[in-house]
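For reference, the structure is listed below as structure tokens.
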Amino acid sequence: MVEIGHFIGGRRVAGRSGRSAEFFKPMTGEVQGTVALASAEEVRQAVLDAAAAQPAWAAQNPQRRARVLIRFLDLVRKEFDSLAEMLALEHGKTIPDARGDIQRGIDVVEFAIGVPHLMKGEFTEGAGPAIDMYSMRQPLGVVAGITPFNFPAMIPMWKFAPAIACGNAFILKPSERDPGVPMRLAELMIEAGLPAGILNVVNGDKVAVDAILDDPDIRAVGFVGSSAIAEYVYGRAATRGKRVHCFGGAKNHMVIMPDADMDQAADALIGAGYGSAGERCMAVSVAVPVGERTADRLIERLVPRIENLKIGPSTDPDADFGPLVTRQHLQKVKDYVEIGVKEGAELLVDGRGFSLQGYENGFYMGACLFDRVTRDMRIYREEIFGPVLSVVRAQSYDEALALVSDHEYGNGTAIFTRDGDAARDFASKVQVGMVGVNVPIPVPLAYYTFGGWKRSAFGDLNQYGPDSIRFYTKTKTVTTRWPSGIRKGAEFAMPTS
Ligand code: NAD
């Protein structure tokens, strides 16, 4: 049994609140260890340590700060295999998928290494007589990130790498369901030369989150998780005057036009719908074929592909996907399937009875496919976050476009077509933050930014990319005038140029 505490002041420390939670090995269903749940006092201690360390870190020149990240990348690469294994065993995803989780975090660390350039301000010579004007970006101080279970390496790195590169100190509150990897990443940052106190990990639940939201010395909060909590975090942190952006849940649609290559579309749907057991905020959970014939052609390709899916333990290199994260979540997903049946959707493939020989206590379920789902059904409106794909038949392109745009979530979407006009129209008009054309999971690369629309995001700036530099810095603008440009006598009117 592993006991995980917190990472405060540059080292692992035991929890002192007397509260802890179990976390599991989803592939076998066993308890893997316990994780401490921080009290408000423990969070406060981490913030005080961070606040004490931050000014000296901010005073280091940006190239030196970037060098710590360069060394961190070397260390992460050396430990890639063991990090991926730890991640897979705590989360349940397969090892190749866990490697992707780490790599997409590394991408953002690589972006953050450009901080000497990214933080540069602007300068105008001669803005008036002997007047020059310049702007600079300065770190905020202590900032915090609250992250979900489904990407325990990638999303912490999305948050702390740009924040720390900009000269901030960081408090990370990762998910209590898979806490091992975030702790190890913090240790590697210290090994890479990060001063103690600049990256702290406080494990915990609502108590720790509320302490972060209320702490007077935390200047900004980034959150990723379900929409209800995202909205709560946004409201509470914003009323306390913090800069805040929160990324929430999703219901990502893939529109399949009649001219699409149906085999390509079916392959894309299988990977995007069932990869990582559907526990991705960019997973496709709704297929929208346009026209009855398109729907029939698509479904006749989907069903045999689903029947051939290989579900296995996270350590099986040939598994397409592994177990869900907890027994409780598994039950919730199965309950949604039951709701769909009662609502009148046609369950074409039912994976609820799936059991894996030798792993009967693991949190597995097979893939499910619903046809003739309609927009009033709960299985269409709500995020399920499991291996459940719904087909909603649209009679026209306009109906498909409106369906996607009207949904309350707006994280990602895709259109599969060979028609450039349709693709261009869709990309331009659809009310969703990230769009793929023949790309089922259009996660932007690290030098763009990631963020949905509508109830998939609360706040203004996206995460990673140039927006992350804006989020983790404040702008100061300086106007200078030298004596040679100053006229004699007091001036009372607003200057005009
Ligand atoms: P979650 O909302 O349960 O938890 C997210 C974080 O909030 C965790 O750190 C958790 O400890 C904390 N938390 C949980 N309950 C809380 C409460 N009542 N008060 C305060 N804090 C609380 O989400 P999850 O199940 O870990 O992750 C899955 C969700 O995250 C899905 O909805 C998925 O779509 C979403 N997600 C979104 C994005 C995105 O960028 N939009 C990316 C990944 C995941």
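Read in my numbering, the sequence shown has 473 at position 467, and its numbers run on one by one without any break.
For glycine and all other residues, C-beta sits at the position ideal for the given N, C-alpha and C.
Within 10 Å of its beta-carbon, does residue i have 16 or more other beta-carbons around it, so buried, or fewer, so exposed?
i, result
"S88", "exposed"
"Q469", "buried"
"H259", "buried"
"H251", "buried"
"N156", "buried"
"I76", "exposed"
"I492", "exposed"
"R299", "exposed"
"P501", "exposed"
"V37", "exposed"
"P102", "exposed"
"F456", "buried"
"R430", "exposed"
"D466", "exposed"
"M7", "exposed"
"D302", "exposed"
Do residue i and residue j have their CB atoms nearer than 7 Å?
i, j, result
"W164", "V114", "yes"
"A226", "R246", "no"
"A56", "N206", "yes"
"P329", "F391", "no"
"V339", "G98", "no"
"F376", "A351", "yes"
"E197", "L81", "yes"
"G458", "N417", "yes"
"A214", "A44", "yes"
"R307", "A272", "yes"
"R487", "A136", "yes"
"K179", "V148", "no"
"V343", "R358", "yes"
"A400", "V294", "yes"
"M288", "I447", "yes"
"F117", "A452", "yes"
"A169", "G16", "no"
"S291", "K257", "yes"
Check the DSSP bridge columns for residue i and list the partner residues they point to.
i, result
"T40", "E9, E28"
"M440", "G418"
"K316", "According to DSSP, K316 bridges with nothing at all."
"I152", "K179, F229"
"D138", "T486"
"L200", "None, per the DSSP bridge assignment."
"V261", "V294, I421"
"G251", "Here residue 251 is His; the residue named in the question, Gly, does not match the sequence. In the DSSP output, where bridge partners are listed per residue, H251 has G228."
"S361", "For S361, which the question treats as bridged, DSSP gives no partner whatsoever."
"N206", "I177"
"I14", "R17"
"C287", "Note: C287 sits in no beta bridge, so no partner."
"L353", "F376"
"R143", "T481"
"W459", "G416"
Could you give the C-beta distance for residue i and residue j, rounded to a whole number, given that I count them as a contact under 8 Å?
i, j, result
"G439", "A420", "Incorrect: roughly 13 Å between the Cβ atoms, too far for contact."
"V394", "T380", "Not confirmed; about 16 Å, so no contact."
"M139", "T485", "5 Å"
"Y415", "R461", "6 Å"
"I177", "V239", "Actually they do not touch by this definition, with Cβ atoms about 14 Å apart."
"A274", "R424", "Not a contact, Cβ separation roughly 14 Å."
"M263", "A428", "6 Å"
"M371", "L336", "6 Å"
"D221", "E96", "No, D221 and E96 are not in contact; Cβ-Cβ is about 28 Å, not under 8 Å."
"A159", "I108", "5 Å"
"M125", "T479", "7 Å"
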